[in-house]
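Take a look at the structure below.
Encoded structure:
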């Protein structure tokens with residue numbers, strides 16, 4: 621699962637947190653489906669950073685699924701290839 625978050629929109633972070641927790645519950649406790657979080661808009665100066673997102677999204681509460689955050693910018697392309705390389709690797713390893 622790839623979950624894209626606009627890190628420049630703090631007003632919707634709580635909604636994103638709720639959706640992520642609901643998603644992990646729907647996937648189930650024994651799920652091997654990883655959650656990749658694309659922390660978008662890192663090119664903007666007021667964007668939330670990785671450490672802030674972990675806290676604000678309560679990611680430590682998601683224990684049923686492996687999760688990983690990639691700081692990225694769709695505008696500049698920064699971090700995008702790293703995320704897709706990781707996705708390619710985990711898909712290959714789960715086959």
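In our numbering, the protein residues as written are 621 to 715. A virtual CB, placed ideally from N, CA and C, is assigned to each residue, including glycine.
Could you check which residue in the options has the C-alpha nearest to that of residue i?
| i | options | result |
| --- | --- | --- |
| residue 657 | 651, 644, 714 and 695 | 644 |
| residue 671 | 665, 639 and 659 | 659 |
| residue 692 | 701, 686, 680 and 685 | 701 |
| residue 647 | 667, 680 and 621 | 621 |
| residue 639 | 705, 704, 703 and 678 | 678 |
| residue 626 | 651, 684, 690 and 686 | 690 |
| residue 685 | 651, 705 and 706 | 651 |
| residue 675 | 637, 629 and 704 | 637 |
| residue 687 | 705, 708, 698 and 653 | 653 |
| residue 635 | 673, 703, 664 and 669 | 673 |
Residue i and residue j look like a contact to me (Cβ under 8 Å); what is the Cβ gap, rounded to whole Å?
| i | j | result |
| --- | --- | --- |
| residue 682 | residue 641 | 7 Å |
Would you list the residues sitting across from residue i in a DSSP beta bridge?
| i | result |
| --- | --- |
| residue 688 | 656 |
| residue 621 | Paired residues: none, contrary to the question. |
| residue 626 | 660 |
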